[in-house]
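**Q**
2 protein chains.
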Amino acid sequence: MQVSKSLEYAVRSLVFIAESEKPLGLSEISQTGRMPKAYLAKIMRTLVEGGVVSSVRGRKGGYVLKKVPKDIALYDILSLTEGKEKLIPCINDGKFCYASSFCSQKVVWIKVEKAITDAFKKVTLKDMLPRRAIGKVKNGRAQNYIS
Amino acid sequence: MQVSKSLEYAVRSLVFIAESEKPLGLSEISQTGRMPKAYLAKIMRTLVEGGVVSSVRGRKGGYVLKKVPKDIALYDILSLTEGKEKLIPCINDGKFCYASSFCSQKVVWIKVEKAITDAFKKVTLKDMLPRRAIGKVKNGRAQNYIS
DNA sequence: TAAAATATGGACTTTTTAAGTCCACATTAA
DNA sequence: TTAATGTGGACTTAAAAAGTCCATATTTTA
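Below is the structure:
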């Protein structure tokens, strides 16, 4: 029961990308964030595929956000980086639960699972950004700390 | 990011034990719950060590709860079965976080972690028991929790 | 147009953890 | 005494996470 490095790396990368004006390349992300480049490449692919970022190919290429930070929930990133696997095997792997619908534990597991996924749903990339970067730029000047 | 089988097995076993009047043996727990006996034995040891159950050794031995179900939180069981490992590496493994206290993500991870642990803290073994079995047990035999 | 810098796709390897097994031993009711 | 139980620890296996590699496609720019 642990958050994967993939998720951590993905979040960290997205923060960098969100803060960048230009497409941010793999090499730079990897160096700044101290994450193995080849592995990160794989993670970025899933983010592209998942519609969280767009990639710009070729020289001067890199990645840009495809949605605004407040619309990227931690849950979305989690779903992409950790595949479709569910939190609680017994309520997701039908063939496993020998007790089926009569199991008194199932309903509780479902609640626990919901509480956890909710925790990931209500945090967005925006919450992960440093305050000063949130408003982007206005008149060429960084906006001040507002919320 | 998935609940381990160990936790599932532990919870399932504890439900059986809670429903039994007498010490409930490994063999019976393992058979009723369809869990590998040798593996379960290992799990039970950690539960004994963790003060959740007491063991009765020798013939007619088995396990009994050491606390009432409402005082056994899912979180306690989790802590025992999954060791001390923390949910989010970056906030628990000091040496890993190159960004240290300046990291804007850390505070959010801490919130997420708290939300998750809270979810496990507020559920107790009592919530996992079938309603009808909470108070009473019939004719000296362990009731199966499946009706 | 050639070269350099980038992303892509997929196969592959390594490392780590979870899951499971085994066996010799200790304890106790019958 | 013996059969049924739990204990302790070493061990093995299986699965998943983490990481690597290479050949290829795309685009900028010298």
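Residue numbers (the numbering used here), protein chains in the order written: chain A, 70 to 216; chain B, 70 to 216. Every residue gets a Cβ at the ideal spot worked out from N, C-alpha and C, and that includes glycine. Here the structure is a predicted model, which means the values were calculated and not measured.
Beta-carbon of Leu184(B) versus every beta-carbon of chain A: anything under 7 Å?
**A** Translated into the one-based positions of the second sequence, residue 184(B) becomes position 115. Residue 184(B) is actually Ala in this sequence, not Leu. So yes, Ala184(B) belongs to the interface.
**Q** Comparing alpha-carbon positions, which option in Thr115(A), Leu116(A), Val117(A) and Ser82(A) lies nearest Gly102(A)?
**A** Stepping through the first sequence from its first residue, residue 102(A) is reached at position 33. Ranking Thr115(A), Leu116(A), Val117(A) and Ser82(A) by Cα distance to Gly102(A) puts Ser82(A) first.
**Q** Would a C-beta distance cut-off of 7 Å place Lys135(A) and Ser148(A) closer than the cut-off?
**A** Numbered from its first residue, the first sequence carries residue 135(A) at position 66. Numbered from its first residue, the first sequence carries residue 148(A) at position 79. No, they are not a contact pair.
**Q** Specify, as a first and last residue, the run of the beta strand (DSSP E) that Gly131(B) falls within.
**A** Counting from one through the second sequence, the residue named residue 131(B) turns up at place 62. Here the beta strand (DSSP E) through Gly131(B) covers Gly131 to Leu134.
**Q** Return no unless some Cβ of chain B is closer than 7 Å to the Cβ of Ser173(A).
**A** In the first sequence, the residue the question calls residue 173(A) occupies position 104. Answer yes: the Cβ-Cβ gap between Ser173(A) and chain B drops below 7 Å somewhere.
**Q** Grouping DSSP H, G and I as helix and E and B as strand, with all else coil, what is Pro92(A)?
**A** Residue 92(A) sits at position 23 when you count from the first residue of the first sequence. Of the three classes helix, strand and coil, the one that applies to Pro92(A) here is coil, per DSSP.
**Q** How many whole angstroms separate the CB atoms of Ala290(B) and Leu93(B), which I take to be in contact at a CB cut-off of 8 Å?
**A** Any property of residue 290(B) remains undetermined from this structure, which presents chain B solely from 70 to 216.
**Q** Could you pull out every residue in the same chain whose Cβ sits closer than 6 Å to the Cβ of Ala142(B), ignoring the five residues on either side in sequence?
**A** Residue 142(B) sits at position 73 when you count from the first residue of the second sequence. If we look at Ala142(B) and ignore the five residues flanking it on each side, its Cβ neighbours are Lys190 and Thr193.
**Q** Which same chain residues end up closer than 8 Å to Asn208(A) when comparing Cβ atoms and leaving out the 5 residues on each side of it in sequence?
**A** One-based indexing of the first sequence puts residue 208(A) at position 139. Per-residue confidence for Asn208(A) stands at a pLDDT of 37, beneath the threshold of 50, marking its modelled position as unreliable; no derived number is given.
**Q** DSSP three-state label for Ser123(B), please.
**A** Stepping through the second sequence from its first residue, residue 123(B) is reached at position 54. Reduced to three states, the DSSP call for Ser123(B) is strand.
**Q** For Leu198(B) and Val84(B), I'd like the C-alpha separation in whole angstroms.
**A** The residue labelled residue 198(B) in the question sits at position 129 within the second sequence. The residue labelled residue 84(B) in the question sits at position 15 within the second sequence. The alpha-carbon atoms of Leu198(B) and Val84(B) are separated by roughly 6 Å.
**Q** Any Cβ of chain A within less than 7 Å of the Cβ of Glu196(B)?
**A** As a first step, residue 196(B) must be located in the second sequence, where it is residue number 127. The question names Glu, but residue 196(B) in the sequence shown is Asp. Yes, Asp196(B) counts as interfacial toward chain A.
**Q** Grab me the residues of Ile157(B)'s own chain with a C-beta within less than 6 Å of its C-beta, minus the 5 sequence neighbours each way, in chain order.
**A** Taking the second sequence and counting its residues from 1, the one referred to as residue 157(B) is at position 88. Result list for Ile157(B): Trp178 and Glu182, in chain order.
**Q** Roughly how many angstroms separate the alpha carbons of Ala87(B) and Lys139(B), rounded to a whole number?
**A** Here residue 87(B) is taken as the residue at index 18 of the second sequence, counted from 1. Here residue 139(B) is taken as the residue at index 70 of the second sequence, counted from 1. C-alpha separation (whole angstroms): 11 Å.
**Q** Under 8 Å Cβ to Cβ from Val80(B), same chain only, skipping five residues before and after it: list those, please.
**A** Here residue 80(B) refers to the residue found at position 11 of the second sequence. Only Leu143, Ile146, Leu194 and Met197 meet the Cβ criterion.
**Q** Would you please state the rounded distance, in angstroms, between the beta carbons of Cys159(A) and Glu77(B)? I believe it to be under 8 Å.
**A** As a working mapping, residue 159(A) is identified with position 90 in the first sequence. As a working mapping, residue 77(B) is identified with position 8 in the second sequence. Yes, Cys159(A) and Glu77(B) are in contact; Cβ-Cβ is about 6 Å, under 8 Å.
**Q** Who are the near neighbours of Glu151(B) in its chain, counting only those whose CB is closer than 8 Å to its CB and skipping five residues on each side?
**A** Here residue 151(B) refers to the residue found at position 82 of the second sequence. Result list for Glu151(B): Ser73, Ser75 and Leu76, in chain order.
**Q** Within 7 Å of any Cβ in chain A, is that where the Cβ of Met113(B) sits?
**A** Counting from one through the second sequence, the residue named residue 113(B) turns up at place 44. Chain A, which has no Cβ nearer than 7 Å to the Cβ of Met113(B), makes this no.
**Q** Candidates Thr186(A), Ile185(A), Val176(A) and Lys91(A): which alpha carbon is nearest Lys129(A)'s?
**A** Here the question's residue 129(A) lines up with position 60 in the first sequence. For the residues Thr186(A), Ile185(A), Val176(A) and Lys91(A), the minimum Cα distance to Lys129(A) belongs to Lys91(A).
**Q** If distances are taken between C-alpha atoms only, which option among Ser89(A), Ala107(A) and Thr186(A) comes closest to Val137(A)?
**A** Residue mapping note: residue 137(A) aligns to position 68 of the first sequence, counting from 1. Checked all of Ser89(A), Ala107(A) and Thr186(A); the closest Cα to Val137(A) is Ser89(A).
**Q** Should Gly131(B) go down as buried or exposed, given a rule of 16 or more other Cβ atoms within 10 Å for buried?
**A** Locating residue 131(B) in the second sequence gives position 62, counting from the first residue. Gly131(B) should be labelled buried.
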